[in-house]
Structure formats: structure tokens, C-alpha cells
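**Q**
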Amino acid sequence: MKAVLCKAFGPAETLVVEETTNPEAKKNEVIIDVHCAGVNFPDTLIIEGKYQFKPPFPFSPGGEAAGVVSSVGEKVSHLKVGDRVMALTGWGSFAEQVAVPSYNVMPVPKSMDFPSAAAFGMTYGTSMHALKQRANLQPGETLLVLGASGGVGLAAVEIGKAMGAKVIAAASSAEKLEVAKAAGADELINYSESNLKEEVKRLTGGQGADVIYDPVGGDLFDLAVRSIAWNGRLLVVGFASGRIPEVAVNLMLLKGAAVVGVFWGSFAQRQPQDNLANFQQLFAWHTEGKLKPLVSETFPLEKAADAINLLGQRKAVGKVVVQVR
Ligand SMILES: NC(=O)c1ccc[n+]([C@@H]2O[C@H](COP(=O)([O-])OP(=O)(O)OC[C@H]3O[C@@H](n4cnc5c(N)ncnc54)[C@H](OP(=O)(O)O)[C@@H]3O)[C@@H](O)[C@H]2O)c1
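Residue numbers (full-length UniProt numbering): 1 to 325.
And the structure:
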């Protein structure tokens with residue numbers, strides 16, 4: 001099969017596309033004929049050796065896939081050959097086939113095409129878990145989303161609206177904010193041009209945001225901590241800016257607020273039933289038209305490096321997808 005291969009840690013330009021051996025299903029695995037693979041920020045890190053997982057060389061990047069099951073291991077009971085599925089793979093999806101433990105594979109609803117399915121699992125799974133289990137977001141509360149036009153950020157805007165929150169989208173350019181507005185954001189903040197803390201104060205009548213969703217970290221986190229409401233929850237989702245911030249806990253004391261960690265992959269493994277219930281709700285909202293995953297660009301397998309670079313260079317909006325078939 002054809003696959004994008006990482007043979008040594010380095011920038012996306014060092015990836016190669018080669019013929020390699022097809023995977024075989026172990027007892028608890030399925031093999032997926034990959035149609036589309038979603039690109040996520042961890043793909044920019046894993047090829048550089050900067051992610052929490054360091055697969056043995058050579059490996060294919062690509063943390064999630066959508067496609068058709070082509071074989072199943074002897075212990076797999078809930079999936080069969082021919083099923084349309086989406087899967088969280090960690091790595092390996094930028095290839096014509098990928099082997100995945102069956103617990104990380106889910107049937108795709110009829111209403112969803114492969115590009116949308118490849119753009120759905122990681123971002124909507126993460127943001128749903130963050131807003132439901134970690135923040136306990138309530139209707140009428142104010143949700144501030146940083147990096148609001150990115151993969152997880154845009155999903156948080158849509159899910160926040162579906163949960164009945166007032167959503168303030170914050171991003172680094174007018175073009176990116178337009179994308180967040182089209183996804184339903186009520187208010188917009190351009191944090192390249194204005195002070196995040198002052199704007200949040202203005203838009204919330206001085207109260208601050210009840211829930212802050214932060215996939216960016218760095219300087220933005222420092223401002224966000226000072227923009228939180230009484231009893232607020234600040235969700236630590238990621239560090240796309242490249243800096244892991246620190247928090248002065250006296251600020252949290254003064255606001256009766258909490259800094260809350262979000263690790264969707266671990267949640268999905270530890271609480272599979274809760275994760276499944278989240279996806280049933282997400283699929284229902286998708287069918288009702290409340291969630292519309294935005295695939296802004298697609299690349300062929302040979303151009304997977306360009307797709308990764310779009311995210312690494314802060315140029316992506318919504319989701320970028322590698323079209324494998
Ligand atoms: N905790 C979890 O379970 C979980 C799950 C999935 C992803 N994540 C994390 O969430 C973060 C976002 O992932 P994603 O796939 O949504 O990425 P993405 O689509 O590239 O979005 C990241 C956003 O971060 C902002 N950003 C600020 N500084 C940046 C920089 N130097 N380079 C790139 N982007 C920058 C950009 O928005 P502006 O230009 O508007 O600032 C961009 O839209 C990553 O850190 C990822 O590891 C965490």
C-alpha cells in the first residue's frame with residue numbers, strides 16, 4: 001500500500017510517500033481502507049518528536065481516519081467487513097490502510113460523508129467532553145472560546161451554541177472570526193488588535209466568562225485567567241502557541257474559579273460508555289443540522305506535508321483533510 005512515512009523526526013518536508021506492507025488485524029483490531037484522514041495539531045508535533053507518543057520508525061502520521069472496514073480480528077464483535085467507520089488512530093492514518101484497536105472505531109451515521117467523518121471525531125469528541133464533563137456548561141452561561149476558528153475551537157463554538165450558551169469567539173484575524181461567526185458565535189474578539197481581558201469585560205457587563213475554552217495557552221492564557229467570572233471554569237485543552245503557561249492560584253481563589261484539565265483520548269479509554277453517549281448526542285445534533293463540520297481544504301496523500309504545515313503555520317481554519325481514496 002501507499003503511505004506517508006516518517007523515518008526520522010523532523011519538519012513535514014522530510015516526510016516521504018512510499019509503498020509499504022499492508023497491516024494485518026490482530027485479535028482485537030480492525031483494518032480500515034482509509035478514504036479520508038483528518039489533520040490535527042498533534043500531527044505537527046508527532047513528526048518532530050515533540051508529542052507525548054513517539055512511535056517507532058518508520059511510522060505514518062495521521063491521528064484519525066474515516067473509511068471502510070476491510071478485515072476484522074477474531075475477537076471483534078461490534079464491527080464487520082464493509083462497515084463505514086471513523087477511528088481514532090493516534091498515528092498511521094496517512095496511508096491506504098490502518099490497523100486500529102476496535103474500541104477506537106465507531107460506525108459513521110448515514111448522514112455523514114467521509115471528509116466530514118474524518119473531520120469529526122477528534123475535534124467534536126474533545127470539545128464535547130470539555131464542555132459537558134469538565135465544565136458542566138449550563139444554558140445561559142457565557143462561553144469564551146480562544147483559537148475559535150481552529151479545529152477544536154470551532155467545534156467548541158458549535159457545541160456551546162447547541163448547549164444553549166452565549167458564545168464569545170476569539171481569534172487572531174477578521175477572516176478567522178468570520179468563520180466563527182458563521183458557526184454561530186454571538187460575539188467576536190480579535191485578540192491581535194484588542195485586549196482580550198478588556199473586551200471580555202465589556203461584552204459581559206464586567207462579569208467575565210463563566211467557561212473559557214483554551215487550546216492556545218501562552219500569553220493568551222495569562223489574559224484569559226484574568227477574564228474569568230465568579231465560579232468560572234478555565235479549560236486547559238492545548239498549547240498551540242508553543243508555551244505551557246503557569247497560573248497564580250490566588251486569582252482562582254479570588255474568583256472561586258477552577259482550572260480544569262481536558263484529555264479526551266484518556267477519557268475515551270477510561271469512560272467508554274460516557275464517550276459513546278457524547279457521540280450519540282453529537283451525531284443527533286449533526287443529523288438535526290446543528291453541527292456542520294467545516295472542511296476548509298483537502299489534500300491528496302502525496303501532499304500530506306502541505307496539509308500538516310497549514311496547521312503548523314497557523315493558517316488553517318476549521319479542518320484540513322487528507323483525501324486518501
Ligand atoms: N486536550 C485534548 O484532549 C486535545 C485534543 C485535541 C487537540 N488538543 C490540542 O488543542 C490544540 C489545538 O488543536 P487543533 O487540532 O484544533 O489545531 P488548529 O486547528 O491548528 O487550531 C489551533 C489554533 O490555535 C491558534 N494558535 C495560536 N498560536 C498558534 C501557533 N503558534 N501555531 C498554530 N496555531 C496557533 C490558532 O488560532 P488563532 O490564529 O486565531 O490564534 C489556531 O486556529 C493543540 O494544542 C492540540 O494538541 C487537545
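Even glycine gets a Cβ: it sits at the ideal position worked out from N, Cα and C.
Between residue 10 and residue 206, what straight-line distance do the alpha-carbon atoms span, to the nearest angstrom?
**A** 46 Å
**Q** Looking at C-alpha atoms only, which residue of 306, 309, 152, 276 is the closest neighbour of residue 262?
**A** Nearest option by C-alpha distance: 152.
**Q** Along the chain, where does the alpha helix (DSSP H) that runs through residue 281 open and close?
**A** 272 to 287
**Q** Taking only the alpha-carbon atoms, compute the straight-line gap between residue 264 and residue 122 and give it to the nearest angstrom.
**A** 8 Å
**Q** Straight-line CA distance for residue 295 to residue 115?
**A** 7 Å
**Q** Any heavy atom of ligand 1 closer than 6 Å to the beta-carbon of residue 264?
**A** yes
**Q** Excluding sequence positions up to five away, which residues of its chain have a Cβ less than 6 Å from the Cβ of residue 333?
**A** There is no way to answer for residue 333, as the model of the chain reaches only from 1 to 325.
**Q** Quick one: what's residue 299 bridged to in DSSP?
**A** 322
**Q** Between which two residues does the alpha helix (DSSP H) harbouring residue 44 extend?
**A** That run of the alpha helix (DSSP H) goes 41 to 46.
**Q** Could you give the DSSP three-state label for residue 113: helix, strand or coil?
**A** coil
**Q** Write down the C-beta distance between residue 168 and residue 209 rounded to the nearest angstrom, noting that I regard them as a contact closer than 8 Å.
**A** 7 Å
**Q** In the DSSP assignment, find the alpha helix (DSSP H) that holds residue 196 and state where it starts and stops.
**A** Here the alpha helix (DSSP H) through residue 196 covers 196 to 203.
**Q** Going by DSSP, what residue range makes up the beta strand (DSSP E) through residue 213?
**A** 209 to 214
**Q** What did DSSP end up calling residue 157 once you bin it into helix, strand or coil?
**A** helix
**Q** When DSSP labels each residue in this structure, what does residue 129 get in the three-state scheme?
**A** DSSP, read as helix, strand or coil, puts residue 129 in helix.
**Q** Quick check: is any heavy atom of ligand 1 less than 6 Å from the C-beta of residue 260?
**A** no
**Q** Would the segment 216 to 232 and the segment 186 to 200 be scored as touching if the rule is three or more Cβ pairs under 8 Å?
**A** With the cut-off at 8 Å, the segment 216 to 232 and the segment 186 to 200 touch.
**Q** Any beta-carbon of chain D closer than 7 Å to the one on residue 237?
**A** Going by chain labels, chain D is absent from the structure shown, which holds only one protein chain.
**Q** Looking at residue 135 and residue 72, is the spacing between their C-beta atoms short of 7 Å?
**A** No, the pair does not count as a contact, with Cβ atoms beyond the cut-off.
**Q** What is the residue span of the beta strand (DSSP E) that residue 231 lies within?
**A** Taken as a continuous stretch (DSSP letters only), the beta strand (DSSP E) holding residue 231 covers 228 to 236.
**Q** Cβ of residue 282 within 7 Å of Cβ of residue 124?
**A** yes
**Q** So which of 8, 12, 6 has the shortest CA-CA distance to residue 312?
**A** 12
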